[in-house]
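Heads up: the sequence lines are chains G and W, in that order.
Just so you know, we're using our numbering here: the first sequence kicks off at 585 and counts up by one.
Just so you know, we're using our numbering here: the second sequence kicks off at 366 and counts up by one.
First up is the structure itself, then whatever we jot down about it.
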Amino acid sequence: MENPYIPYPVEVIKIVTEVDTKDIKTFRFAFVNKEDEEKYKYIPGQFGELSIFGKGESPIGIASSPTQPGYVEFTVQKAGVVTSALHEMEVGTRMGLRGPLGNSWPIEFLEGKNIVIVGGGFAFTTLRSLINYMIYGDNRKRFGKITVVYGARNPGLLIYKDELEAWGQRDDIDLNVTVDKGDSTWKGREGFVPTVCKEVAPSSENAVTVICGPPIMIRFTLPVFFDLGFSKENIITSLEMRMKCGIGKCGRCNVGSKYVCKDGPVFSLAELDKLTKEY
Amino acid sequence: MEKRLIKKDALTGIIGKIAADTTVYAPVKVEDNVLFKVLEKGDEPLVTFANSKNAPKNFFFPRTEVMLRYTRTTKGVEFSGGEKEAGEAVLFGVRPCDARSFVLLDMLFDQEKYKDPYYIDKRQKTTIVSLACPHPPYATCFCTSVDGHPVSSDGADILIVDLGSEYLAEFITAKGEKLLKYFGDVKADAAADQKKEAIAAQAEKEIKVQIPAKAIKPILDVNFEHPFWNTIHQKCLACGTCTYLCPTCHCFDISDEMKSGDGRRLRNWDSCMFPMFTKETSGHNPRMSQKERWRQRAMHKFKYYVDNFNAIACVGCGRCVMYCPVNIDIRKIVTDISKL
C-alpha cells in the first residue's frame, strides 16, 4: 500500500533570496531518486508538504511549473518552526517532500478563455506556476489573452524579478507590475492592485480571473471585477488553512464539509459562497 | 452464516485458548476501570461488564503512533524507515456501539483515494468479537438514535449474544469464521435465533433515551450563524475529554521529536476543542473561541460527516455525556438543535 505520509527524499539544489528583507526565499529541490520525480506529477495550483525531519512539515504552494522538468520549486516566507529551519538550509541539504496535494487551478476550464492573473505580495507563487505553464511553448495557443496585474508594497518586495523582466519583453502577456510606493530607482507603475485593475480594465468577455493575495487586497479588488462584469463562477482563488496530513484525515482544515487540503485549495467565488465563512 | 452455542462457563476458556495462539485484547478490570489490554497467561477477560472506559479505537488509531524514523547524516537528516507492520490480533468484548465506530472510521481512513496505511494495516489484521448488550448498561446509552442497536453485528466479525442459559456466537465474516474451531461444534438452532430476536427486542426497549439525531442535518445546513451557538460552549473547559473518549473522533496532530541524531515523526490524538488546533503561524485562528470549536464538533458529527460519508459520526455510547466535567450533554444539544 502506498503510504501518503512518507515524504520523497529531495536535495536543495538552488536558493534564491527574493526580497530585500531576505525573509522570502525560493528553494529549488531535485529528487534524490529520479523515479520519484515521475511520481510527483503536479498541476499548477497544487501544494506540497515540505518535510524537515526533527522540525515538522509545512504546506506550501508549488511555485514551479510542470513544464520545468528536473526540479520543483517553493517560495517560502520565514515564519514558523519549519520555515525558519528551511531558511537556514544550504544548497546540498537533504530533506523531504510530500505531495503533490490538493486540487489545482482548473486548467481545462481556463483553456480557450482570456485569463486575468491578479497577485499581491508573496501570494504570487502558484500564480507564477500557472503563468509559466500557460506561456510554455505550444501551451500558449490553448489560452486567449493573458493579463497579469502583480503588486507589492515596494520594489524590494517584488518576487521573481528576473521572470517579471522576461515576461515584460513578451508581446503575448499584458504584464502590469505595480508597487504601493516606489523608490528613487523605480520607473514602473505606482498604485494599489485594485486601482491598477480598474485602470487596466480587462474585459469580462470569455474571461476568468485568478486571484491570490492578502485578504485586504482581495476585499478591495473583487468589487472591481464585479463592476467589470465577471461572474462569481469566473473568479478563482486559493485558500490557506492550518494543515497537518494534507489528505483530508487529520480534521483541522475543513471549511464546512470541504477540506481545503483535499477538496481545495482552489475554489471559485461561487463555490466559496456555498461554504461557511470559517477561514 | 455459521452459528454456535456455548455453555455459559466456557466462554472465558475459549478466549484463553485463542490468546494462547494469537494476541488477544480483552476487557479487564484495572483498579476501578474496565480497560482493554493484551490478555496474558492467567488473565481473566471480563464477560459481564458494562463497557470499557476508553473506546477501543486506539487499537487501530493509537493515542501516539510512530509514522516514520530518521537519522542525522553528514548530508542532513535522512528518512530511514516507516513503522513495523502490525501482527494478527483478536479484539474481544467490543460493545456493538464501539464496533460500529470502526465502520465509521473505515469511511475516513480507508477512502478510495489516500488510504491511511497505519490504520488499515492494523484494522485488516484484527478480528473483532462483539459482545451484545441484552441489557444496555447505562442510562446514557442512545445507540438506537444513531443507527445502532444493542444487539447489532455492525463492525463485528463475530457477535456473541448472552441468551441467558448459554451464549450464541454468530460468525459474521470470513475473518470471524477463521476462529470457528475454538467455539466447539454445538450448532445453534432456530430456537436460539428466536431467543436472540426476543432479547434484541427487549434490549431495544430498555434504551430509554431517544434523540432526533437523524433529523437535525437539514437544520444544521441552514443554521451555521444561529445565536444558539452562543450558548452551548459557555461552560466548556476545553479539556478535550469528550473527543478523547469518543469512539469516532479521529482528529490528529503530526509532530517530530529528535534526540541526539535519531528522530521520529509521531501521530498523536488531537482535539477540535483545543485553541491551538486551527491556529495559524500568522496568529490568525479561523475558530477563534470555544463557540466556533463547539459548532465544529456538533457540525462535524451531525452534518459534515453526513455530507461526506452519509453517516452520523456518533455511535451513542454516551461516554462524552458521562465523563464531561461540566455536564455538557450531546443529547440535549441535539434535541435543542431539533427545535431551532
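We put the CB at the ideal spot given by N, CA and C, even for glycine.
The structure displayed is predicted, hence computed values, not measured ones.
Per DSSP, valine 686/W is one residue of the alpha helix (DSSP H) stretching across 684 to 688. Legend: CB atoms of the segment 637 to 649 of chain G lying less than 9 Å from CB atoms of chain W belong to residues Phe637, Gly638, Lys639, Gly640, Glu641, Ser642.
Per DSSP, reduced to three states, the secondary structure at glutamate 590/W is coil, with no helix or strand assignment. For the set Trp594/W, Phe617/W, Pro392/W, Asp701/W, the Cα lying nearest the Cα of alanine 415/W is the one of Pro392/W. In the DSSP assignment, the residues bridged to cysteine 796/G are Gly703/G.
Taking a Cβ-Cβ threshold of 8 Å, the residues of chain W close to serine 841/G are Lys668, Tyr669, Asp672, Asn673, in chain order.
For isoleucine 576/W, same chain residues with a beta-carbon under 7 Å away, outside a window of 5 residues either side, are Phe507, Ser510, Arg696, Val699, Thr700 in chain order. Those residues of the segment 797 to 811 of chain G placed with their C-beta closer than 8 Å to a C-beta in chain W do not exist. When only Cα atoms are considered, aspartate 558/W and lysine 552/W end up about 11 Å apart. Close to phenylalanine 589/W, with beta-carbon spacing below 9 Å, are these residues of chain G in chain order: Gly840, Thr860, Lys861, Glu862. For the 8 Å CB-CB criterion, phenylalanine 548/W and isoleucine 379/W form a contact. Short of 7 Å from the beta carbon of lysine 828/G, and not among the five residues preceding or following it, lie these beta carbons of its own chain, in chain order: Cys834, Arg836. Counting the other Cβ atoms within 10 Å of the Cβ of aspartate 847/G gives 16 or more, which makes it buried. Restricting attention to alpha helix (DSSP H) runs no shorter than 4 residues, the segment 621 to 694 of chain W encloses them at 655 to 664, 670 to 674, 684 to 688, ordered along the chain. The beta carbon of lysine 644/W falls within 8 Å of a beta carbon belonging to chain G, placing the residue at that interface.
For the pair isoleucine 636/G and valine 431/W, the Cα-to-Cα distance works out to about 16 Å. Counting of Cβ neighbours within 10 angstroms places glutamate 535/W among the buried residues, the total reaching 16 or more. Judged by pairs of C-beta atoms under 8 Å, the segment 611 to 621 of chain G touches the segment 593 to 603 of chain G, as three or more such pairs exist. The beta carbons of isoleucine 699/G and glycine 740/G sit no closer together than 8 Å. The residues Leu585, Phe589, in chain order, have a CB closer than 8 Å to that of methionine 664/W in the same chain once the five nearest residues on each side in sequence are set aside. Scanning its chain for C-beta atoms nearer than 6 Å, with the 5 sequence neighbours on each side dropped, one finds around asparagine 687/G the residues Val850, in chain order. Taking a contact to require three or more Cβ pairs closer than 8 Å, the segment 416 to 426 of chain W and the segment 395 to 405 of chain W qualify as touching. Taking C-beta separations shorter than 6 Å and ignoring five residues to either side along the sequence, the partners of serine 788/G in its chain run Leu812, Gly813, Phe814, following chain order.
For glycine 654/G, the CB contacts under 8 Å within the same chain, skipping 5 residues up- and downstream, are Ala614, Glu621 in chain order.
For proline 849/G, not one C-beta of chain W is nearer than 8 Å to its own C-beta. Asparagine 595/W and arginine 658/W have their C-alpha atoms spaced approximately 11 Å apart. Two segments are said to touch when three or more pairs of C-beta atoms, one from each, lie closer than 8 Å; by this definition the segment 491 to 506 of chain W touches the segment 537 to 547 of chain W.
Alanine 385/W and proline 684/G have their C-alpha atoms some 46 Å from each other. With respect to the C-alpha of serine 852/G, the residue from Ser822/G, Val839/G, Arg826/G having the closest C-alpha is Ser822/G. Residue state for isoleucine 644/G is assigned as strand, using DSSP reduced to three classes.
Contact between the segment 638 to 648 of chain W and the segment 471 to 479 of chain W is absent: fewer than 3 CB-CB pairs across the two stretches fall below 8 Å. Under the DSSP assignment, glycine 378/W falls in the alpha helix (DSSP H) whose first and last residues are 376 to 386.
Taking 8 Å as the CB threshold, proline 612/W stays off the interface with chain G.
Not a single CB atom of chain G sits nearer than 8 Å to the CB of glutamate 430/W. Taking every protein chain shown into account, the CB of threonine 601/G has fewer than 16 other CB atoms within 10 angstroms, so this residue is exposed. In this chain, phenylalanine 425/W is not harboured by any beta strand (DSSP E), its DSSP state being neither H nor E.
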